[in-house]
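First the structure, in the form of structure tokens, and then the observations on it.
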Amino acid sequence: TAGGEHHDEL
Amino acid sequence: MNLFRLLGDMTHLLSIIVLLLKINATRSCRGVSLKTQELYAIVFVCRYLDLFTNFISLYNTVMKVIFLGSTFTIIYWMRFHKVIRVTYDRDQDTFRYQFLIIPCLLLSLILNSEFTVMEVLWTFSIYLEAVAILPQLVLLQRTNNIDNLTGNYIFLLGSYRALYILNWIYRFLTEPNYRQYLVWISGIVQTIVYIDFFYYYIRSWKNNEKLSLPA
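Going down the list, the protein sequences come from chains A and B.
Mapping the first sequence onto our numbering, position 9 (from 1) lands on 157, and the numbers just tick up by one.
Mapping the second sequence onto our numbering, position 125 (from 1) lands on 129, and the numbers just tick up by one.
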């Protein structure tokens, strides 16, 4: 996603 | 997934298990903030909307379902269980949700990495999690007689946050292009919120005294 934000953490 | 992340998640899980066991075994939720639990419920619902859209791993999916289920179980017990609900410190747990929810919502509308419903709600959950423990800390300060399990619950939650910071440092050093500024800053703020509590928790443990927070 934009800004390099990861959503793979809880 | 690195060891710090796994330990962090396990500490988080353990904190919730401690709380479930305490409430279930003692049939009492004395000293537990319903406001904090409900804020966590909002956090988990907003963050885990991607359960339906984005599969990351079986591990992530199972953990998300456990966090949602356990938080709603605690809320159900505190609100509706005929024995437990009577033990809730309703008069002391007076922190106002809107003081936390509204600023976090506004901030997530301004500061996000993508202006979409899913992304804004996810960002909102990151900001709200950072401050969701505050009603619990305020209640703790008001309740003179803190039982060990409530103290341990908060200590485990704070440890989980500290382990997540180590996880980010590890990822930053090992994964190229890995960065998530909003998460890092919120996570650091969240960990700072616990520092005062940690100080008194460790001091009471060293002196073998019951934990109490100064007013």
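Heads up, the beta-carbon is just placed ideally off N, CA and C, and yes, glycines get one too.
So residue i is in the alpha helix (DSSP H); what residue range does that whole segment cover?
| i | result |
| --- | --- |
| B:V47 | 38-51 |
| B:N152 | 152-178 |
| B:E118 | No alpha helix (DSSP H) holds B:E118; DSSP gives it neither H nor E. |
| B:L11 | 7-30 |
| B:S74 | 62-84 |
| B:G35 | Taken as a continuous stretch (DSSP letters only), B:G35 belongs to no alpha helix (DSSP H), as it is neither H nor E. |
| B:F202 | 185-210 |
| B:R146 | 138-146 |
Do residue i and residue j have their CB atoms nearer than 8 Å?
| i | j | result |
| --- | --- | --- |
| B:Q145 | B:M82 | no |
| B:E179 | B:V47 | no |
| B:V22 | B:L153 | yes |
| B:Y204 | B:L217 | yes |
| B:L104 | B:L43 | yes |
| B:D93 | B:L143 | yes |
| B:T15 | B:L110 | no |
| B:K68 | B:L55 | yes |
| B:T75 | B:A45 | yes |
| B:N58 | B:R175 | no |
| B:F202 | B:G162 | yes |
| B:L215 | B:I114 | no |
| B:R183 | B:T91 | no |
If you compare alpha carbons, which of the options is closest to residue i?
| i | options | result |
| --- | --- | --- |
| B:R9 | B:V197, B:N64, B:F84 | B:N64 |
| B:I137 | B:Y101, B:L11, B:L62, B:L167 | B:Y101 |
| B:V36 | B:S19, B:S190, B:N181 | B:S19 |
| B:P139 | B:Q96, B:L161, B:Y168 | B:Q96 |
| B:S190 | B:F56, B:T127, B:L215, B:V142 | B:T127 |
| B:L25 | B:L7, B:I114, B:Y157, B:T57 | B:Y157 |
| B:I88 | B:S32, B:N212, B:N211 | B:S32 |
| B:L17 | B:I130, B:L72, B:F56, B:L115 | B:L72 |
| B:N116 | B:V124, B:Y164, B:L109 | B:V124 |
| B:T195 | B:I130, B:E118, B:M5 | B:I130 |
| B:I78 | B:S112, B:I60, B:K39 | B:K39 |
| B:C108 | B:V121, B:V135, B:E118, B:M122 | B:V135 |
| B:C50 | B:L62, B:T120, B:R165, B:D13 | B:T120 |
| B:S208 | B:G155, B:V66, B:R34, B:R183 | B:G155 |
| B:D13 | B:R34, B:I27, B:I70 | B:I70 |
| A:D156 | B:R34, B:I27, B:L62 | B:L62 |
| B:N148 | B:A219, B:I60, B:I27, B:V66 | B:A219 |
| B:I27 | B:K86, B:W172, B:S112, B:V66 | B:K86 |
| B:L11 | B:W172, B:F84, B:M122 | B:W172 |
| A:L158 | B:E118, B:Y164, B:I106 | B:Y164 |
Could you tell me whether any Cβ in chain E is nearer than 8 Å to the Cβ of residue i?
| i | result |
| --- | --- |
| B:N6 | Annotation note: the requested chain E is absent from the structure, which comprises protein chains A and B. |
Using a Cβ-Cβ cut-off of less than 8 Å, give me the residues of the region 10-25 of chain B that come near chain A, in sequence order. Within the region 10-25 of chain B, the residues whose Cβ lies closer than 8 Å to any Cβ of chain A are, in chain order, D13, H16.
Just by C-beta distance, which residues in the region 190-214 of chain B are closer than 9 Å to chain A? For the region 190-214 of chain B, the beta-carbon criterion of a distance under 9 Å to any beta-carbon of chain A is satisfied by none of its residues.
Which residues, in order along the region 31-49 of chain B, keep a beta-carbon less than 9 Å from a beta-carbon of chain A? none
Determine which residues of the region 69-86 of chain B have a Cβ less than 8 Å from any Cβ of chain A, and write them out in chain order. F71
Can you pull out the residues from the region 174-191 of chain B whose beta carbon lies closer than 8 Å to at least one beta carbon of chain A? N181, Y182, R183, Q184, Y185, L186, V187
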